[in-house]
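This report concerns only the one structure given below.
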Amino acid sequence: MTAKGGGEGSGAPLDYRSAGVDLDAADDAKGRIKRLVESTFTAGARGAFGGFGGMFRLPPGLRNPLLVASADGVGTKVKVAIEAGRHDTVGHDLVNHCVNDILVQGALPLFFLDYVAFGQLDPAVVEGVVAGVAAGCRENGCALIGGETAEMPSVYTPPDYDLAGFIVGAVEEDAVLGADRVREG
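The sequence shown: position 97 = 99 (the numbering used here), numbered continuously.
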C-alpha cells in the first residue's frame with residue numbers, strides 16, 4: 003500500500019511504515035503463533051492458518067442445532083498482565099469468559115476468534131497472549147480458527163494493548179437453557 007497522503011500535493015507517502023506499523027514484527031508474531039493456533043484444531047476446523055476467514059464444519063449428529071455466539075474482553079486485567087509481564091493469563095481468561103457466556107445457554111463451544119490491538123506490536127507479548135488463548139481453547143474443546151493482530155500507534159500507547167474474543171457454540175434447540183433457568187448461587 004503506497005499512496006500520496008497528508009493532504010493534496012503534500013507528497014508524504016501513505017504506507018504501513020509511515021503509519022507506524024512494523025510489518026517485520028507482524029511476520030515475527032505470525033511465525034511464533036502458528037503452531038499454537040494449529041494445536042487447537044478440532045475435527046471441525048477447516049482451512050489453513052493465516053487465511054482471511056476461519057472455516058468450521060458443524061459436528062455430525064446434530065438434529066436441530068442453534069448456534070450461540072458471544073464476544074467478550076478481559077477489561078483491566080490487561081494492565082495487570084503488563085505489570086506482571088505474564089500475558090498468557092489474559093488469553094486463557096478471555097476464552098473462559100466467552101465459554102461461560104454460551105454454557106449458560108446450554109451450548110458447547112465449537113470455535114473461537116481473537117483480536118489483539120497494540121500501540122507497538124511486541125511479538126513476544128502476542129505469543130504469550132495466544133499461548134493462553136490456545137490453552138483455553140484446547141481445555142474447552144474449541145478450535146482457534148482465526149483472529150486479528152492490529153498495530154495502531156495513534157490509538158494505544160506502548161506497552162498498552164487490548165484483547166477481545168469471539169466464540170460460537172451449538173446447542174440442540176430443545177436443550178436451550180433460558181434465562182428463566184439461571185439462578186444465583
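Idealized CB from N, CA, C, for every residue including glycine.
Is the Cβ-Cβ distance between residue i and residue j less than 8 Å?
i: G145; j: G49; result: First, the residue type needs correcting, since residue 145 is Ala and not Gly in the sequence shown. Not a contact, by the Cβ cut-off of 8 Å.
i: T159; j: G121; result: yes
i: S41; j: I169; result: no
i: H89; j: V127; result: yes
i: A31; j: P125; result: yes
i: D74; j: G167; result: yes
i: T44; j: G143; result: yes
i: L96; j: V82; result: no
i: L115; j: G56; result: yes
Tell me the rounded alpha-carbon separation between residue i and residue j.
i: P161; j: E174; result: 43 Å
i: F58; j: F113; result: 8 Å
i: H94; j: R19; result: 32 Å
i: T4; j: V23; result: Residue placement at T4 is flagged as unreliable, the pLDDT there being 42, under the threshold of 50; the coordinate-derived value follows with that caveat. Looking at the two C-alpha atoms, the distance is approximately 13 Å.
i: A152; j: Q107; result: 32 Å
i: G171; j: P15; result: 44 Å
i: R37; j: A119; result: 21 Å
i: V157; j: P62; result: 44 Å
i: V92; j: A86; result: 11 Å
i: R140; j: L110; result: 13 Å
i: I104; j: Y117; result: 19 Å
i: G130; j: G33; result: 13 Å
i: K6; j: L25; result: The pLDDT assigned to K6 is 43, lower than 50, so where the model puts this residue is not dependable; a value taken from the coordinates is nonetheless given after this. Each residue's Cα considered, the two are about 20 Å apart.
i: A27; j: L123; result: 6 Å
i: I35; j: F51; result: 10 Å
i: L60; j: I84; result: 37 Å
i: E186; j: D176; result: 23 Å
i: N102; j: R183; result: 15 Å
i: H99; j: A21; result: 33 Å
Is any heavy atom in the ligand COA found nearer than 7 Å to the beta carbon of residue i?
i: G134; result: Of the ligands one can find in the structure shown there are none, so the ligand COA has no counterpart to examine.
Since residue i contacts residue j with CB under 8 Å, what's their CB separation in whole angstroms?
i: L165; j: V80; result: 6 Å
Original post:
Could you give the uninterrupted runs of the beta strand (DSSP E) lying entirely in the region 78-159, keeping only those of 3 residues or more?
Top reply: The qualifying runs are 110-120 and 145-153.
Original post:
Within the chosen definition, does the region 122-137 reach the region 61-78 through at least 3 CB pairs nearer than 8 Å?
Top reply: Taking 8 Å as the limit for Cβ pairs, the verdict is that the region 61-78 does not touch the region 122-137.
**OP:** Would you mind listing the beta strand (DSSP E) stretches within the region 7-65 that are 3+ residues and don't spill past its ends, in chain order?
**Re:** If we require 3 residues or more, the beta strand (DSSP E) runs fully inside the region 7-65 come out as 14-16.
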